[in-house]
Ligand SMILES: [Zn+2]
Ligand SMILES: [Zn+2]
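See the structure below:
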């Protein structure tokens, strides 16, 4: 793939009237003083971009219509669109913009070819701007790129993102000749495809999605259980037994059927169903290495198992369809570099989906062992194939509540990507379209998909200047500071559990100052709206941090009140739909799932005149128990000497933050506390704000029982009889890991308290 793009393009002379007057021969004038001199010509009946581009317009005349509309906004003059039967109908005396087939007839050819077949070229020949493409989609990209060269930009969906400068006179240089092709064969932007296409961000050639469920349907399980995976000692109708030759045959014939039915498609999905449970039968187990683990879960890496199967399928399908590929995600327990299967079949097209790798730091960032691993994986997979796709994530893991920026991530990714010997690229950035939280890198991800060699700094300068106009200076500072905060943080924890390390008081204050400055500078309604969108995102971070800090003070009633404010704020933001300022299902939904339940639970516990008797400390004594000795050796005993146990924070730092991110076995916690005199004899309860995933709780050596769940509050009633009044009490907790591997959490995650429930209908009393 070659770099076809250079910034900045200095030949944009539009509206440089004095120059045009002195030397009119140097430019082709399309409009003068608000009058259009040019018409746009297309071949009557020529189709526009197809469904694989998600374009919703009609024919090449529709493409011309979009160009005419933009030029009209620019110059104030209507630009006629002529659907012509042939080039003979083009007015020879007047300037013209000629698109597609007619432009080719006039002699303009693409000089380069791309695997994606949607490159473009535009060139001034005589009195005409000719725009051609490898396909109608290429012409479409050419039209929008041409408009960009006149200063236009589509920085976000909707009117707020559209920037079309007012230029009563439009002159383009008469040596204008520009062409581009994409170095990605597949670009799948989630969300607004109309907007994506204006930034060259959509082109679908197939699918990499989870596939086994439809390649070998569950309905076959009753007759042929041997096709399906063994887990926990028995066959289940879930994943496949991939070393069974009949499984290979069945899946390959399903793929061949799909290939025959969809001749236009290039990539056919062939990877496992989502979720774990790959086959553990003796034959499949030969492709596992017991000591080679996926560190996020502690389970055996299964890359060899998956790759062997997809290779076997490709060996069959490529005989009939040598030009079609089998895609699968390098994902979850099959992320690590294969060790037993050395080759990737030429018709296999892996796509890395680093869901288990930290989303803050970018591949190779030395602060981040997750991203060092991701880099190792990029290199390892690329060593075995010349085709590699990337399913990067445009949002923080299980969090879209607060502003988040991935510019630094993309820069690092770009640097490492270009060291790999990849010939064919594909991109599917999974995106949640929360523009108040993610606007800059949502734009960036599309530009990057088109051309992975773009100058990211220049591209982002274009974004900040174009989108934020007169408020660009503080808004650029605002976003780049946030970007730096993520890239340089020492936390890697997903969801909202690491945000307090990033959204410090300093970051909040500096961000607020920038947004206020931007508000003062914003004069046009469009820029005011762009700034208001960012400000709404910042407000979420401010409210979230108030909640988080209140949780840390055990002030659940205050946290719940702010939570109500946050909900109302998000509901108000959700009314903004084009672009979407927030997606409540995720912005609020992830929050409610991971933090909100603890807040609501704590507030409910203390409702009425509920009163806290004991706040357990943030830092406990802790010991790993990988061999499950704790119960036998009674690590819960009140008089156990735990002075040699390590200190482990519960609420202020995640397991991953404390070096336990790759630890997935049991651990114990112990804490000591006294009970205040007022609580003596009262019907106290022990309350946990949240843990991961399974806890057994012992109070003064007496087991209170087991609770399960992730970030779900749990409590024990009637504990008064086990408490020692006026003396030291010991709380011991055994925790074991559960299902959510990739967040970096573990053990006790939220505050623990002993409290006296209130009476319904009474006001909150002050606790001691
Ligand atoms: Zn098997
Ligand atoms: Zn990291």
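Residue numbers (the numbering used here): 16 to 783. Where a beta carbon is used, it is the ideal one built from N, C-alpha and C, also for glycine.
Just to confirm before moving on: does the CB-CB distance between residue i and residue j stay below 8 Å?
i           : j           : result
residue 81  : residue 91  : no
residue 115 : residue 135 : no
residue 377 : residue 427 : yes
residue 212 : residue 69  : yes
residue 602 : residue 449 : yes
residue 617 : residue 574 : yes
residue 388 : residue 356 : no
residue 494 : residue 455 : yes
residue 201 : residue 282 : yes
residue 625 : residue 731 : no
residue 363 : residue 304 : no
residue 268 : residue 318 : no
residue 100 : residue 78  : no
residue 473 : residue 480 : no
residue 609 : residue 511 : yes
residue 492 : residue 529 : yes
residue 662 : residue 636 : yes
residue 96  : residue 76  : yes
residue 513 : residue 669 : yes
residue 711 : residue 761 : no
residue 763 : residue 665 : yes
Please determine, among the options, the residue with the shortest C-alpha to C-alpha distance to residue i.
i           : options            : result
residue 548 : 44, 531, 285       : 531
residue 259 : 275, 297, 287      : 297
residue 767 : 123, 705, 709, 726 : 705
residue 633 : 526, 301, 703      : 703
residue 557 : 543, 581, 546, 542 : 581
residue 141 : 151, 97, 192       : 192
residue 733 : 207, 96, 718, 636  : 718
residue 224 : 366, 169, 151      : 366
residue 657 : 685, 670, 640      : 685
residue 467 : 516, 760, 527, 195 : 195
residue 452 : 553, 608, 169, 188 : 553
residue 643 : 397, 774, 750, 205 : 750
residue 220 : 499, 278, 137, 496 : 278
residue 758 : 155, 411, 561      : 411
residue 171 : 407, 541, 96       : 541
residue 721 : 728, 709, 648      : 709
residue 604 : 743, 676, 432, 414 : 414
residue 611 : 596, 572, 648      : 572
residue 240 : 429, 627, 250, 743 : 250
residue 774 : 568, 646, 341, 620 : 620
Pop quiz: residue i and residue j are said to be a contact at Cβ under 8 Å. What is the actual Cβ separation, rounded to whole angstroms?
i           : j           : result
residue 254 : residue 293 : 5 Å
residue 651 : residue 747 : 4 Å
residue 394 : residue 358 : With a Cβ gap of about 16 Å, residue 394 and residue 358 do not count as contacting.
residue 6   : residue 583 : What is shown of the chain runs 16 to 783, which leaves residue 6 out entirely.
residue 392 : residue 352 : 6 Å
residue 440 : residue 335 : Contact doesn't hold; Cβ gap of about 26 Å is too wide.
residue 457 : residue 475 : Contact doesn't hold; Cβ gap of about 12 Å is too wide.
Taking its Cβ as the centre, do 16 or more other Cβ atoms sit within 10 Å of residue i, making it buried, or is it exposed?
i           : result
residue 372 : buried
residue 287 : buried
residue 409 : buried
residue 163 : buried
residue 327 : buried
residue 693 : exposed
residue 37  : The predicted position of residue 37 is uncertain, since its pLDDT is 45 and thus under 50; a value taken from the coordinates is nonetheless stated next. Its Cβ having fewer than 16 others within 10 Å, residue 37 is exposed.
residue 176 : buried
residue 578 : buried
residue 83  : buried
residue 108 : exposed
residue 332 : buried
residue 347 : buried
residue 337 : exposed
residue 695 : exposed
residue 648 : exposed
May I have a chain-ordered list of the alpha helix (DSSP H) segments no shorter than 4 residues that lie completely inside the stretch 292 to 358? 297 to 300, 318 to 335
Could you give the uninterrupted runs of the beta strand (DSSP E) lying entirely in the stretch 99 to 174, keeping only those of 3 residues or more? 111 to 114, 135 to 140, 143 to 148
As an exercise, report each continuous beta strand (DSSP E) stretch of at least 3 residues that is fully enclosed by the stretch 360 to 406, in chain order. 363 to 367, 402 to 405
Complete beta strand (DSSP E) runs within the stretch 37 to 65 (minimum length 3 residues, chain order): 42 to 47, 54 to 58
Complete runs of the beta strand (DSSP E) confined to the stretch 224 to 299 [at least 3 residues]: 243 to 246, 249 to 255, 282 to 284
Only counting runs of 4 or more residues, tell me where the alpha helix (DSSP H) segments fall wholly within the stretch 200 to 227, in order along the chain. 208 to 213
Contiguous alpha helix (DSSP H) assignments of at least 4 residues, all confined to the stretch 437 to 524: 450 to 465, 471 to 483, 487 to 503, 514 to 517
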